[in-house]
Amino acid sequence: MPVLPTPYSRMLYVASDFYIIVNPAADRGRADRLVPRIEKAFDAEGVSFELARSARRGHAAELAEAAARAGRGAVIAVGGDGVVHEVANGLMRASGDDATTPLGVIPAGTGNDFVKMLGLAARRPEDAIRTILAARPRAVDIGKVCASEMEGGPDGAWYFTNGIGLGFDAQVAVHASRIRRLRGMAVYAVALLRTLRDLKSPNFRISVDGVEIANRALILATIANGPCHGGSFWLAPDARLDDGLFDVLVADARSVGEVIALIPSVMRGRHLSARGVKLLRGTSVEVRSDELLPIHADGEIIARGVRWLTIELLPGRLMVLA
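According to numbering that gives the first Met the number 0, the sequence shown is numbered sequentially starting from 0.
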């Protein structure tokens, strides 16, 4: 469900100085091949812009943070959910949990979940640019995560736009990150099959707003800000980016056959009444486990393993051009 006009009162000027960050590797180089068309479209509109390419993991976040601190009117992410995740983190870091520099997106990635929720899933970059230039900045929610007992993750707090997951969807993201020869939804299909082959159900202890909702083996734990994850899985079909709440989804341990049977329902968002599936809403979540669990944020693997997380909703703290 696309985000509706914001319930929050914050409004900004319309940007005229754009800083464009391209992930040249997105969708096996498709984002980089779009650069001439993007530059031509901005030139045709007569607006000021500068374009940069990210060179490594985390570089887009650094570029976005520097652009926000320099007072750029807006930062535009070109690529998939990974570059959107990094740019949003940079904007939040620049302003201390309250991004005042708007984020725009030209979708050119594999899943493009975040822009689907904004109603910006344009196939042509020219269409996305026209939408961005005509948009009024809109406030959406963003999640903030603090972790401990973590292997291979970032120092300090970090942020997510669409959702984080532990268990099944994190394993899918791990496998997807290792696939190099495929594009689009084929990546997720192969990653899904590999996850089913190595199916695991670790023990979780999860609390929402201080109330424990699970202390058992789970196949999945997702803290969702938006409804669609992994390209076409409507894990939290009623979640909204601007409602001031997380949708927290947990699913009990299942056999491979039971998981396969449930997948079509998840793709249609009709799984919430299935046995062992539970969804609650809240603004703060705590997750603990006795074993190290991989975790993804917005489809990006954040850490190889983590035992303890606290997740806080920051309502209306990210501004988007949509």
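We treat Cβ as the ideally placed atom computed from N, Cα and C, and that holds for glycine.
These numbers come from a predicted model, not from an experiment.
Backbone secondary structure at residue i - three-state DSSP
i: S200; result: coil
i: V210; result: strand
i: A46; result: Before going further, note that residue 46 is Val rather than Ala in the sequence given. Coil at V46, not helix or strand.
i: R306; result: strand
i: D31; result: helix
i: R215; result: strand
i: S53; result: coil
i: R280; result: strand
i: P4; result: Caution is warranted here: a pLDDT of 42 is assigned to P4, below 50, making its placement in the model unreliable, and the coordinate value is therefore given only provisionally. Residue state, collapsed to three classes: coil.
i: R287; result: strand
i: D16; result: strand
i: G78; result: strand
i: G317; result: Before going on, a small fix: residue 317 reads as Leu here, not Gly. It is a strand residue.
i: A273; result: coil
i: A98; result: coil
i: P263; result: helix
i: A73; result: strand
i: G110; result: coil
i: G89; result: helix
i: A24; result: coil
i: G103; result: strand
Proximity test, residue i beta-carbon vs the ligand GDP heavy atom, cut-off 7 Å
i: P35; result: Looking for the ligand GDP in the displayed structure turns up nothing, as the structure carries no ligands at all.
Alpha carbon of residue i to alpha carbon of residue j, nearest angstrom
i: R287; j: F245; result: 18 Å
i: E299; j: A133; result: 30 Å
i: G89; j: A59; result: 8 Å
i: R303; j: G118; result: 32 Å
i: G142; j: K39; result: 35 Å
i: R52; j: K115; result: 23 Å
i: A69; j: E148; result: 35 Å
i: I20; j: H270; result: 37 Å
i: H84; j: I218; result: 25 Å
i: D97; j: V319; result: 13 Å
i: T282; j: D126; result: 35 Å
i: I259; j: R253; result: 10 Å
i: D31; j: R182; result: 15 Å
i: L312; j: G81; result: 20 Å
i: R137; j: P153; result: 28 Å
i: S200; j: E257; result: 13 Å
i: E150; j: R29; result: 32 Å
i: R135; j: A43; result: 20 Å
i: G57; j: R122; result: 26 Å
i: S94; j: Y187; result: 34 Å
i: G222; j: A216; result: Checking the displayed sequence, the identity of residue 222 turns out to be Ile instead of Gly. Using only the alpha carbons, I get a separation of about 17 Å.
i: V284; j: A273; result: 23 Å
i: G275; j: I262; result: 14 Å
i: V77; j: A107; result: 6 Å
Close beta carbons around residue i, own chain, < 7 Å, minus the five adjacent residues each side
i: T194; result: F167, Q170, V171, H174
i: P236; result: P226, G268
i: M184; result: G230, S231
i: L240; result: V2, M116, V139, D140, N224, G225
i: D16; result: S47, R71, G72
i: N214; result: R204
i: A87; result: L102, I141, Y158, T160, L317
Own chain, CB closer than 6 Å to residue i, minus 5 neighbours either side, in chain order
i: P124; result: L33, R36, I37, I105
i: L190; result: Sequence inspection shows Ala at residue 190; the Leu mentioned does not correspond to that position. Excluding sequence neighbours, A190 sits near V171, H174, A175.
i: M91; result: A98, Y158
i: G243; result: P314
i: Y18; result: E49, A66, R71, V74
i: L165; result: A220, L292, I294
i: G103; result: A73, I75, I131, L320
i: Y12; result: Low confidence applies here, because Y12 scores a pLDDT of 43, under 50, leaving its location unreliable and the question unanswered by this model.
i: F41; result: F48
i: N161; result: D112, F113, N224, G225, D297
i: A24; result: none
i: C145; result: A156, T309
i: E64; result: G89, R92, A93
i: A238; result: A223, G225, P226, D246
8 Å Cβ shell around residue i - same chain, five flanking residues per side excluded
i: V347; result: In the structure as shown, the chain starts at 0 and stops at 321, and residue 347 therefore has no counterpart that could be examined.
i: I212; result: I205, S206, V247, V249, K277, L279
i: R55; result: none
i: V255; result: L195, L198
i: R316; result: M91, D96, D97, A98, A138, D140, I141
i: I178; result: V186, V189, A190
Chain C contact for residue i (CB, 8 Å cutoff)
i: G304; result: Going by chain labels, chain C is absent from the structure shown, which holds only one protein chain.
Residue ranges of each alpha helix (DSSP H) within the region 112-191, 4 or longer: Entirely contained in the region 112-191, the alpha helix (DSSP H) runs reaching 4 residues are, in chain order, 112-117, 124-133, 167-176.
Ranges of the alpha helix (DSSP H) found wholly within the region 221-253, counting only runs of at least 4: none
Contact the region 305-313 vs the region 287-297: 3+ CB pairs below 8 Å: yes
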